[in-house]
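Heads up: the sequence shown begins at 9 in the working numbering, then just goes up one per residue.
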Amino acid sequence: VVPMKKGGEKRDHSAISEIVTREHTINIYKCIRGVGFKKRALWEMGTPDVRIDTRLNKALWAKGIRKVPYYICVQLSRKRNKDEDSPNQLYTLVTYVPVTTFKNLQTMFSFVR
């Protein structure tokens, strides 16, 4: 549902308008039984095409299937698709951000135009 302005018009909410990069700390332990990374990034960034970096995949599987890390810091980058045949204009690249501690981390935004 798109929020309404005072005049009753719908607000424009388009993922295409800007290329953005965000750093998120994800509590994997809390959402391990719910939604997967690809669907979570799809909802967060507004792009149906989500690509996961190999370093992130290795960091998630480092301890095996049963000992998933509690937290992980990732960077979500919305980028323009260079493939002409693709139906999606944008894709999201999810990369691993190594951190020493997870205390007092904030979500960081950076807009690129």
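Backbone N, C-alpha and C fix where the C-beta goes; we use that ideal spot for every residue, glycine too. Here the structure is a predicted model, which means the values were calculated and not measured.
Proximity of residue i and residue j at Cβ, strictly below 8 Å
i   : j   : result
I80 : A67 : yes
H32 : L98 : no
When the options are compared against residue i, the one with the closest alpha-carbon
i    : options                  : result
R63  : H32, R86 and V102        : V102
P106 : N65, Y37, R59 and I27    : N65
K38  : R59, G72, D93 and Y78    : Y78
I73  : M116, F117, T115 and I36 : I36
Whole-Å CB distance - residue i paired with residue j, under 8 Å assumed
i    : j    : result
N96  : T55  : 6 Å
Y104 : V82  : 6 Å
I34  : R86  : In fact, because the Cβ distance is near 17 Å, the residues do not count as touching under 8 Å.
D57  : T100 : 7 Å
Per DSSP, the bridge partner or partners of residue i
i    : result
Q83  : E31 and T103
L64  : The partner list for L64 (beta bridge, DSSP) is empty, contrary to what the question assumes.
V58  : T100
R88  : L98
F117 : R30
Cutoff 8 Å: residue i Cβ touching any chain B Cβ
i   : result
V82 : Among the chains of the structure shown, chain B does not appear; only one protein chain is present.
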